[in-house]
Amino acid sequence: MAEGAQHHHPQPRQYVQIALVLAVLTAAEVALFYLEDGVEEIGQTLTVPALLILSALKFYLVVAMFMHLRFEKPLLSRFFTSGAVLAGALYLITLATLGAVILF
Amino acid sequence: MAELVGGHGEGAGHHQVTGIDSRKLGMWVFLSSEFLFFGALINNYLLFKGRDFGPGALYPVELYDIPFTSISSFVLLMSSLTMVLAHSALARGDQYQTRTWLFATAFLGVVFVSGQFFEFGEFILHGLKLNINPAASAFYLLTGFHGFHVIIGVLMLMVLGFKSMRTGGLSEAEGLNVELVGLYWHFVDIIWIVIFVLVYLIQ
Amino acid sequence: MNRPRRSDLPLFKRLPLLLLAVGLLGSCGRVEQPLNSFDSQGPIAERINDLFWPVFWGATVIFVLVQGALLLAVFLFRERKGKERPEPKQIAGNTRLELIWTVVPTLILAAIAVPTITTLFDLAECPAGAMEIEVIGHQWWFEFRYPDSGVVTANVMVIPEDTEVCAKMTSDDVLHNFWIPKLAGKRYLVPGQETEQRLYAEQPGEYWGHCAEFCGLSHARMRARVEAMTQADFEAWTTEQLMPAATPAPGSEAERGQEIFLAGTCVGCHIIDGVNNPDPETLTVPAPDLTHFASRSVFAGATLPAQLSPTDADWEAGLRLWLTDPPTWKPGSFMPELGLTADEIDALVAYLSSLE
Amino acid sequence: MAIDVADERVEQAETTLYRRPRLTYGFWSWITTADHKKIGMMYGYTAFFFFIAGGIEALLLRIQLAGPEGAFLSAAEYNGLFTTHAVTMIFLFVMPISAAFFNYLLPLMIGARDVAFPRMNAVSFWIFLFGGIFIYSSLIFGTSPPPVGGNLPGGAIEPSLLGSIPNSGWFIYAPNSGATYSPGTSIDYAVLGLQILGVASLISAVNFIVTILNMRAKGMRLLRMPVFVWMTLVVALLLLFSLPIIAIALFMLTFDRLFGTLFFVAEAGGDPILWQHLFWLFGHPEVYILILPAMGIVSETLPVFSKKPLFGYPAVVFAGAAIAFLGFGVWAHHMFSSGIPTVAQAAFGLSTMTIAIPTGIKIFNWLGTVWGGRVRLNTPMLFSLGFVALFVIGGLSGVTHAVVPSDWQQTDTYYIVAHFHYVLFGGAIFGLFAGIYYWFPKVTGRMLGEGMGKTHFWLMFIGMNLTFGPMHWLGLQGMVRRTWVYPEEAGLGAGNFVVTVGAFVIALGVLVFMINWVYSKRRGVPAPNDPWDARTLEWTMPSPTPEYNFAVEPTVTSLDDFWYQKYGEDEEGRAVRKPEADQVVDDLIYRNGHPDQEIHLPAPSYFPFFVGLGIMVIAYGIMYHTRPFGIPLLVTGAFLTVGALIAWGSEPLEEVHHDDHHDGPEDGPEAAETEPAMTDGAAG
Ligand code: HEA
Ligand code: HEA
Ligand code: CUA
Ligand SMILES: [Cu+2]
C-alpha cells in the first residue's frame, strides 16, 4: 500500500464485525423511532438527540473503517471534514434565517 | 498496491508530493464537495416538511413505510460491507472473490434502487406527486438525486466486474479503480445514513 | 537586454482631478431630483443619512490615505530616464506593521458597527401603534389598502403628515421593492409573505418612489407616489374615498364615457364603486380600482402624466396616451390595447376625469 | 544570447506560418490537445471573444440610457441585454480567462509538466465552450413571450430576436424566473447553460487542487509557492464548495420550470427567498472567485516591477485564505431588504465588515512592496497599480453596503452597480490585463507594444472612472437598476450621459489593446526569455514555452528561487545582481530548451471534445423534452457523452514520447519550435 499502511487495515473478519455493529445501531434507530411513537412521555426531546448520535456513530464507522479514513494521511480527513462541517454550518444558518430552525 | 499505478495514465506521471495518488486525492476532494450538493437538498426538505400547505395537503411523512425503508437502508448499509470485502479481496490478490463481492455490491445497490422505485410508485399511487406541494418536490428531488448516485455507482461496479470477468482479473492498475469506486459507494451510503435519520426517522 | 521603454506620462496625477470633475458633473446641476435619497424628508430617511455620511467621510479618509501612499510610492520610487535608482533593500515584511494594519481597520470597523447595529434595530421593525397600510405589488403597479377605513387605491399612497406609518407589504405575483427615497429605504414585496416598511413624512408633500426590484418587462414603468397631507386633509380624503363614484351629468360627454365603460371590456377588469360592483373574483386580471381615479395625481404605475408638476391638460394627455395603447407605454402590460376610437377615448377621458 | 534564440525562433515561425498542411494538423491538434498551455490559450481566446460580446452588450445598454426615455432598445431587449451582459462577463469572461491563466501558468509556476489530469482539463474546456455556445444559442432559438395576459407593443406575441435572450437578471430571482412569469425557453437557456458551465468549473477545481497539492517541484513547500498559485488553490476551493450549491439551485429551478415542482412557486407554498439564499450562498463566494486570480496576478507583478520581494508574503497568503473563508459567511448581505429577520441582518452586516480586514492586509502589503522599491512603470505595472487604486474604491463602497440601514437606500440602485464595476472592472479586469501584458512574452515569444499598452491603460483608466464613478451619485439620487428607461423628471440625464461617454472611452481602450495584440503577435519586439527580471519558475524557460515545459524538472530551495539564483544581497540588504547571473539564466533556459531524454506528455484525445458536445446536446434534449425531437436529442446526447467517457476510459494509456523532436506525422524536426506559428494559424 502506498503509505505502508496495509497491515493496519482491518481484515475481512473485522469488516464483518463492523457491519454487525452497524446493523445493531440501525436496529436501535428504528426501535427509537417506534419508542417515540408509542411512548408519549419520551417524546422528541430525547429521541431526536439519540437518533442523531446513533447516525453520527454509523457515519463515523463507515467513514473511518470502510473508507479507511482513519488510516489515511490527515490531508484527506481535512478535506472531508471541511466539506461536511461547511455544509452543516451553511445550511443550518440558512434554515435559521428562513425560520425553519430556531437559532436566534 | 495503489502507488504501482504510478507509471501510467492520468494523474500519475509525476511524483506525488502528498504521497497520495492523485486520482484518490481527486476523489476525496470531489466527495468533500458532494456534501454541499446533498446538504442543499436536505436543507430544502427540512425547510418544507414543516410548512403548512393548507387543509388537506399531503406530506411525504404521512406515507412513510418505516419497516420497508429500514430494510432497504439495511441493504444499502450491507452493500458497504460487500464493497469493502471486494477491495480487501483484491488487496489479497483473490480475483474470484473480488469479482463476487463487486457483483454482490452492485446487486444490493439494485435492490436498494428497486426499493426506491417501489416506494415512489406507492407514494404516487397515494397521490403524492412531484408537483403536489414543495415538500413532496423536495422529497423526490433529494431521494431521487441519491438514487441517481446509486445508479451511477452500480454502473461503475458493473464495468469493473465485467472487465474482471473478461480479462480474468483486475490488474493492479485497475485496483485503484476499485478503491475509488469503493470510496464513492461508501459516500453514497453515509449520505443515506443521514437521510434515513433526518428525513425518515425524525418527523 | 531590451527592456521596454519607460513612460513619460505623469502617472496618476489626473486621478483626483478626474474624480472631482466626475463628482461635480454627477451631483451638481441644479436640477430637481424627486428620487434623491440625500434629500431626506422624514426621520427615517434622515437617520439613514446620518449613518451614511460619517461612514462615507471615514471611507474618504481611508481612500485619501491609501491612494496618497500609492501615489507617493510611485512618485518617490519610480525610475526616471537617466536617473537610475539604486537597487532597493530587500525587505520581506515587518511584523509590527502587519499588526498595525490588522488592528487599526478592525477598530475602525468596530466603530462603524456600533451605530450600524443600533440604527438597524431602531428602524427595521414598525413600532407599536403605527398606522397600517397594506401594500400589494402587481406587475406593474402598487395597490394600497387601508385596513382601518377600508379605502382601496392604487399608485398614490396617501398618508397623514407627522405620523408613523407601517406599510405591510406583500406581492400578488413576483418580487417588487417599495422605495420612497426621501422617506425611507427599501423593502421587498414577497409573494406569500409579509414584510414591513416604516414610513414617516414630516411635511405635507408629494414624494416619489420606484419599484426597485426587477419584476419583469416593465419594471422601469413601476413607480409610486406618497402624498402626505395634514391630518384634516387626510380625514377628508378618507371620507371622500369611501363614497361611491360620482355620477356624470345626464347628456354629458362623461355620461357617454360611462356607457362606453360599462358596455366595453373595461368592466372585465376594473371596478368603479356604484357603477359596476362585480365580485372581485370574477375580474380577469387584478387592475386598479377606478372609483376615485381622478383624485390620483398619477396613474399607470405612477408613470403618467410624465411632467414634474403636471397641469390638468398634461394629466388628460397622459390618460389619452394610456387609453390609446397601454402596451407601448408599458410593455407587457396586462391592460391590452383595446382598439378604442379617438371619439371613444375622448368620452372615456371625460368620464374618468370626473371621478374625483 | 537570449535574444538571439528568440529571434531565430520568430524567423522560423514566420516562414512556417503559411505552410498549409501544418495548419490543418494544427487545427486538429487544438481539438484533441491535452496540453495545459494550449488549453489555456483556448480558454483565453474564447473568453476574450465573450468579453467583446459582453462589452458590446454593455455599450448597447449605455446607448439606450444615454438620455431619459431612450428609444434605442425595447424593454425586452434591454432586459435581455443586461442579463446576458452580466452572465457573459462573469461566467464567460472573467471565470474562463482566470482559468486560462491557471491552466497556462499553474504547472509552469510549480515546476510541473502538466496538470494532474490533462484530459479532464481538456474536458473542462470543451464543456465550458459548449456551455457558452448553448447560452448564446438562445439568440436564435430562445423565446420569451410575456406572461399569460400580458401584452407586447403592437400585439406582438414574441419580442424581437434580441429580446428573446435570457432576461431574468443575472441572479435569476424566483418567482419572476419561474414558468408562470417567464414562459418561453429563454430562461431555460440561462439555467441549463449555467449548469453546464458549473460542471466545467467543478472539474477544473478538482484538477487544480490535486495539481497544486501533488505536482509541485522538489523543494516547493506550500509556503514557497508563488502567491498566484496560492490564489489558484483558494479559488479552486471556493469553486469546489460553492458550485454544488448553485448546481442544486439551478437543478430545482429547472425542475420548477420544466417538470412542475413547486420550490419557488409562492402560490403553492414555495419560497422565493430560498432561491435567494441558495443563489447568494454561491454568489458571494463567486465574487471572490472573480477577484482572487487578479489579486494573485498583482502579487506577482508588483514585486517584479519594484524589484523587491512581496512584502509580508505569509500575511498575503493567509489573507487570501481568510477572505475565502469569511466569504462563505456573508451571503445574506445581498438580501438586506428582502425581509430576513433583523437579527440576521445585523449578523450578516457584521460578518461582511470583517472581510475588509484581510482585504486591507493585502492592500497594505502591496503598498509595502512598492514602497522603497525600484519602480519600473511598464504596462503590467500600470495595470497593477490601477488595480490597487480602483479596487480600494470598490471595496470601500462595499463596506458602505455592509452598513445595513444605508444599504436599504443603496440596494438595487446604480450605487451597487458602481460598487461592483469598481471591484470587477477596476479590480478583476485591470488585474487580468496586468497579467496579459506580463505573460504575453512567455506565451507568444514577443512583447506587447508598450506605447499602445500605455494608451490602452490610460483610456481604460479614465474611461472606467468616467463610466462607473458617476453611478455612485446616480444611484443615491434615485437611479434604480435594471430600468430600461428613466424619467426625464428624475433629473438623472446629465450623469447618465457622462456614463455613456465613459463606456465608449473604455471601448476605445479595448480597441487599442486589440490592435496592439494583433500587431505585437506578428511584429512585436521579440521577447527575451526573462524580459522583466522576474522571480518565478516560468521565466526559466525559453519564450515561448516549449511543449514539454521543463526539460529538467526544477528543484527549488526558497520562495522566489529563480530570483535568488540571479541576485544576492549586500551588507545593507540591497539586491546585488550576481556576476554569474546572466550565465545562470542562459544555462537554465538552454537546458530547459534542450531536453536530453524522452519526455512523456499526455496523449491527445478526441473524447473530451465529444463529452462536451454530448453534454450540450443533453441540455437541448432536456429543454425540449416535450417536443417530438426532444427525447431523441436527449438520448443522442447521453450516448455521445457516455460513449465518449467509456472510450476515454478504455483509450490506451500510452503516451506520446517526445524527445527534442516532435513526432507528429507530417512534422519536420523543427516542429517543436514552430509552436507559435501553429498558434497563430489556428486561433488567430
Ligand atoms: C470582484 C467582486 C467583488 C468584490 C471583491 C466585492 C467585495 C465586497 N463587497 Fe461586493 N458585490 C459584488 C462584487 C464584489 N464585491 C457584486 C457583483 C455585487 C452585486 C451583485 C448584484 O446585485 O448584481 C456586490 C454587492 C455587494 C453587496 C450587496 C449590495 C446590495 O445589493 O444591496 C454588499 C453588501 O454588503 C457588498 C459588500 C462587499 C464588501 C464589504 C466587499 C469587501 O470584500 C471589500 C473589501 C475591501 C476594502 C474594504 C478595501 C481595502 C481595504 C482597506 C484599504 C482597509 C481599510 C478599510 C476599512 C477599515 C474599511 N457587495
Ligand atoms: C466582470 C464583470 C463585468 C464587466 C467587465 C462589466 C463591464 C461593463 N458594464 Fe456591467 N454588469 C455586470 C458585470 C460586468 N460589467 C453585472 C454583474 C451586472 C448586473 C446585471 C444585472 O443586473 O443582472 C452589470 C450591469 C451593468 C449595468 C446596469 C444595467 C442595469 O442595471 O440596467 C450597466 C449600465 O451601465 C453596465 C455597464 C457596463 C459597462 C459600460 C462595462 C464596460 O466596462 C464594458 C467595456 C468593454 C467594452 C466596451 C468592449 C469593447 C468592445 C470593443 C472594443 C469592440 C468595439 C466595438 C464597438 C465600439 C461597436 N453593466
Ligand atoms: Cu415591480 Cu420592479
Ligand atoms: Cu456579496
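Residue numbers (the working numbering), protein chains in the order written: chain A, 53 to 156; chain B, -17 to 185; chain C, 243 to 598; chain D, 3 to 686. Here a beta-carbon is modelled for each residue, glycine too, at the ideal position from N, C-alpha and C. In this text the structure is predicted, and so the values were computed from the model without any measurement.
| Item | Value |
| --- | --- |
| Residue span of the alpha helix (DSSP H) that contains C:E482, given as start and end | Q473 to L484 |
| Cβ neighbour criterion (16 or more within 10 Å) applied to D:W32 | buried |
| Whether C:G493 touches C:W382 by CB criterion (9 Å) | no |
| Proximity test, D:G285 beta-carbon vs ligand 5 heavy atom, cut-off 8 Å | Questions concerning ligand 5 fall outside what the structure shown contains, since the ligands it does hold are ligand 1, ligand 2, ligand 3 and ligand 4. |
| Rounded C-alpha distance that separates D:K310 from D:A391 | 20 Å |
| Residue closest to A:A152, alpha-carbon to alpha-carbon, out of B:N25, B:E44, B:E104 and B:D76 | B:N25 |
| Near ligand 4: D:V487 beta-carbon under 8 Å from a heavy atom | no |
| Three CB pairs or more closer than 8 Å across the stretch 201 to 217 of chain D and the stretch 9 to 26 of chain B | yes |
| Where D:D589 meets chain C, residues with beta-carbon distance less than 7 Å | Ordered by position in chain C, no residue passes the 7 Å Cβ test against D:D589, which lies about 16 Å from the chain. |
| Reduced DSSP secondary structure (H/G/I, E/B, other) of B:N159 | helix |
| Residues of the stretch 314 to 342 of chain C whose Cβ lies closer than 9 Å to any Cβ of chain D, in chain order | L314, A315, V316, L318, F319, R320, E321, E326, R327, P328, E329, P330, K331, Q332, I333, A334, G335, N336, T337, L339, E340 and I342 |
| Which listed residue (D:T187, D:A192 and D:E302) has its alpha carbon closest to that of D:W232 | D:E302 |
| Proximity test, D:L282 beta-carbon vs ligand 4 heavy atom, cut-off 8 Å | Per the sequence shown, residue 282 of chain D should be read as Trp rather than Leu. D:W282 Cβ: within cutoff of ligand 4. |
| Secondary structure of C:E376, DSSP reduced to three states | strand |
| Neighbour-count burial assignment, D:S522, 16 or more Cβ in a 10 Å radius | buried |
| Under 9 Å between C-beta atoms of D:I129 and D:I65 | no |
| Residue-level contact to chain B via CB, A:L98, 9 Å cutoff | no |
| Chain A within 9 Å of B:H168, Cβ atoms only | yes |
| Option nearest D:P528 by Cα separation, candidates D:G614, D:P544, D:I357 and D:G314 | D:P544 |
| C-beta neighbour in chain B for A:V114, strict 9 Å | yes |
| Residue of D:I250, D:H279 and D:P295 minimising C-alpha distance to D:L235 | D:P295 |
| Cβ-heavy atom distance, C:H418 to ligand 1, below 8 Å | no |
| Segment contact, 8 Å Cβ cut-off, at least three pairs: the stretch 336 to 346 of chain C with the stretch 359 to 366 of chain D | yes |
| D:W534 to B:L124 span [Cα, whole Å] | 54 Å |
| DSSP-derived helix/strand/coil call for B:A(-16) | Caution applies to B:A(-16), whose pLDDT of 31 falls short of 50 and renders its modelled position unreliable; the model cannot decide the point. |
| Distance CB(D:T557)-CB(D:A219) smaller than 9 Å | yes |
| contact_flag[the stretch 139 to 149 of chain D, the stretch 514 to 534 of chain C] where n(CB pairs < 8 Å) is 3 or more | no |
| Same chain, Cβ closer than 7 Å to D:V482, five either side skipped, listed in chain order | D414 and T415 |
| Range covered by the alpha helix (DSSP H) that runs through C:P402 | Taken as a continuous stretch (DSSP letters only), C:P402 belongs to no alpha helix (DSSP H), being part of the beta strand (DSSP E) at V398 to P402. |
| 8 Å Cβ shell around D:K568 - same chain, five flanking residues per side excluded | D535, R579, K580, A583, V586 and V587 |
| First and last residue of the uninterrupted beta strand (DSSP E) at C:G451 | G447 to C453 |
| C-alpha distance - B:V136 paired with B:F85, whole-angstrom precision | 9 Å |
| Beta-carbon proximity of B:G32 to D:F119, cut-off 9 Å | no |
| Close-in-space but distant-in-sequence residues of the same chain around D:F338 (CB under 7 Å, 5 per side omitted) | Q347, V406, D409, W410 and T413 |
| Cβ contact check for the stretch 69 to 82 of chain A and the stretch 103 to 122 of chain A: 3 or more pairs under 8 Å | yes |
| Uninterrupted alpha helix (DSSP H) stretches inside the stretch 502 to 579 of chain D (no shorter than 4 residues) | 563 to 568 |
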